[in-house]
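Below is one structure; the comments refer to it alone.
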Amino acid sequence: PGPFRPSLGFSACLLQSQPSGFCCVSCRQVIQYQTVRYDILPLSRVSRERLNQVKRKILVLDLDETLIHSHHDGVLRPTVRPGTPPDFILKVVIDKHPVRFFVHKRPHVDFFLEVVSQWYELVVFTASMEIYGSAVADKLDNNRSMLRRRYYRQHCTLELGSYIKDLSVVHNDLSSIVILDNSPGAYRSHPDNAIPIKSWFSDPGTQPSSTSSPCLMP
């Protein structure tokens, strides 16, 4: 099978949008600070039946610096501005030691997941340890059953000290897969299946402005 190829009916494009977050809009310029409203119209019965017959593509999502940013106890210089409250705190045990992770969600990530889950089968693929990645995915999913398929560090391939994500682990038909990841090294085996995204480190001082961010459209 060949790599993922966007088509007229299924395309991935870079749009002008919020700088550090996700925004699914039409291809146009969004003015800084402009409020964008969306009308969601219900599908007709015929349209829904036809849509259910179409095999959905798979969107593979990275976690750290893509959907969220986190730091843990003992970090001397966290990248988050002091005093910025986390969106949630995780308490996990690593090597028999309890560790607290302070997790910040990328702006608009909840809306992003809600929208793209209607278009794609969502899969989490992180190079993090399962005990941490699973807890983060649970929080992002928030009982919505969107992030049920998950892959962790043990599913990656270690090459030259870095973890590579083999997308054939997710599905043997690579033409049906696209990955959203801030680290080009993670998808270097499948560059044609990737949509790059700028790393996000939870800078609360960053204000929205017109910069390119990935947007997936059916």
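full-length UniProt numbering puts the last residue of the sequence shown at 218; the count rises by one with no breaks. We put the beta carbon where it would ideally sit given N, CA and C, even for glycine. Treat the numbers as computed from the prediction; the structure is a model and nothing was measured.
Would residue i be called buried (16 or more neighbouring beta carbons within 10 Å of its own) or exposed?
| i | result |
| --- | --- |
| His97 | exposed |
| Glu65 | buried |
| Ile68 | buried |
| Lys55 | exposed |
| Trp40 | It is worth fixing the name first, because residue 40 is Ile in this sequence and not Trp. By the 10 Å Cβ count, Ile40 comes out exposed. |
| Ser176 | buried |
Going by the CB atoms, is the gap between residue j and residue i shorter than 8 Å?
| i | j | result |
| --- | --- | --- |
| Arg149 | Tyr163 | no |
| Val123 | Ile195 | no |
| Val93 | Phe125 | no |
| Leu61 | Leu180 | yes |
| Pro86 | His108 | no |
Once DSSP output is grouped into helix, strand and coil, what is the label at residue i?
| i | result |
| --- | --- |
| Phe125 | strand |
| Tyr187 | helix |
| Ile31 | Note that Ile31 has pLDDT 44, beneath the 50 cutoff, so the model's placement of it is unreliable and no number is given. |
| Arg56 | coil |
For residue i, which residues of its own chain have a beta-carbon under 6 Å away from its beta-carbon, when the five flanking residues on both sides are left out?
| i | result |
| --- | --- |
| Arg50 | none |
| Lys198 | none |
| Tyr132 | Val92 |
Here's a check: name, in chain order, each residue in its chain whose Cβ is nearer than 7 Å to the Cβ of residue i, leaving out the five neighbours to either side.
| i | result |
| --- | --- |
| Lys91 | Pro98, Arg100 |
| Asp73 | Val99, Arg100 |
| Met146 | Leu113, Ser117, Leu122 |
| Gln53 | none |
| His155 | Val169 |
Taking 8 Å as the CB-CB cut-off, is residue i touching chain D?
| i | result |
| --- | --- |
| His171 | Absence of chain D from the displayed structure is noted, only one protein chain being present. |
Which partner residues of residue i appear in the DSSP bridge assignment?
| i | result |
| --- | --- |
| Thr157 | Ile164 |
| Phe88 | Val103 |
| Tyr151 | Phe125 |
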